[in-house]
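Visitor: In our numbering, the protein residues as written are 2 to 232.
Note that CB positions come from ideal geometry on N, CA and C, so glycine has one too.
Mind looking over this structure? Questions follow.
Rendered as structure tokens:
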């Protein structure tokens, strides 16, 4: 991109902010680098944030809508396909295969379709809304936090490569920080509701942790502890 060519050393977050309105179409925000933020009032189609490379994407419906954002689809299928880094805040529901092959981007979304986080290898997803079947199929890395007040998520999760855990206090701190950032960017009613009732709602989050990724993190932690002990 022109930004990458002009600033090869990189830019600070939000150095360029572009406000868009209407229909974002296919591949909105594909491959955008750090320093560029695209804020869309409207909706978008498939491949939203494809190959995201450090940039930030924000999408929310127009003001004055008469429906609940968290109950309506706002972006299409296969969002964040192959994303490597960056942040995404989605004030509404995403289609199928959300964050498929995501390897490093961070996203907050208010619902996803079938096959969420499929083949994900890195990054973080916070889902505040509904979900479809076969979540986490082939998920080998990264982590997802699911808001599950009715304790039904396990029925829809593919447990072949992941475990479901109670988030640690530091996990909940990170989740709360991301939800706050989501609200700051989108004015999400759902995010505000959860934040205002955090002491109660925090216990409804489930952590989706890939088994192999967990083992690698544990080995790394043990190696660091041994190094400190020897030192």
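Distance, Cα to Cα, residue 144 vs residue 210?
Guide: Distance between the alpha carbons of residue 144 and residue 210 is about 5 Å.
Visitor: In the DSSP assignment, the beta strand (DSSP E) including residue 90 goes from what residue to what residue?
Guide: 86-91
Visitor: Would you call the stretch 200-214 in contact with the stretch 130-149, where contact means no fewer than 3 C-beta pairs closer than 8 Å?
Guide: yes
Visitor: Assign residue 127 to buried or exposed, taking buried as 16 or more other Cβ atoms, counted over all protein chains shown, within 10 Å of its Cβ.
Guide: buried
Visitor: Pick out whichever of 17, 44, 93, 159 has its Cα sitting closest to the Cα of residue 27.
Guide: 44
Visitor: Report the residue from 192, 197, 228, 163 whose alpha carbon sits nearest the alpha carbon of residue 213.
Guide: If you compare the alpha carbons of 192, 197, 228, 163 with that of residue 213, the shortest gap goes to 163.
Visitor: If I follow the unbroken alpha helix (DSSP H) through residue 197, where does it start and stop?
Guide: Looking at the DSSP string, the run of the alpha helix (DSSP H) that includes residue 197 is 190-197.
Visitor: Take every Cβ of the stretch 82-98, pair it with every Cβ of the stretch 43-62, and state whether three or more of those distances are shorter than 8 Å.
Guide: yes
Visitor: Considering only C-alpha positions, which residue in the set 38, 10, 47, 30 is nearest to residue 114?
Guide: 47
Visitor: Within its chain, find whatever has a CB closer than 8 Å to the CB of residue 5; leave out the 5 residues flanking it on each side and keep chain order.
Guide: 34
Visitor: So the alpha helix (DSSP H) residue 170 belongs to, where does it begin and stop?
Guide: 170-187
Visitor: If you measure between the beta carbons of residue 41 and residue 129, is that distance less than 7 Å?
Guide: no
Visitor: Would the beta-carbon of residue 78 fall within 7 Å of that of residue 97?
Guide: yes
Visitor: Hey, how far is the Cα of residue 170 from the Cα of residue 80?
Guide: Residue 170 and residue 80 have their C-alpha atoms spaced approximately 29 Å apart.
Visitor: Near residue 16, which residues of its chain fall below 7 Å by C-beta distance, leaving aside the five closest residues on each side in sequence?
Guide: 36
Visitor: Reducing DSSP to helix, strand and coil, say where residue 219 ends up.
Guide: helix
Visitor: Considering only their Cβ atoms, is the gap separating residue 103 from residue 116 smaller than 7 Å?
Guide: Using a Cβ distance threshold of 7 Å, residue 116 and residue 103 do not count as a contacting pair.
Visitor: Among the residues of its own chain, which have a CB less than 6 Å from the CB of residue 1, if the five just before and after it don't count?
Guide: What the structure shows of the chain is the stretch from 2 to 232, and residue 1 is not part of that stretch, so it cannot be assessed.
Visitor: Checking 7 Å against the spacing of the C-beta atoms, do residue 186 and residue 59 come in under that value?
Guide: Cβ distance < 7 Å, so residue 186 and residue 59 count as in contact.
Visitor: Can you list, in chain order, the residues of its chain whose CB lies under 6 Å from that of residue 49, leaving out five sequence neighbours each side?
Guide: 29, 76, 80
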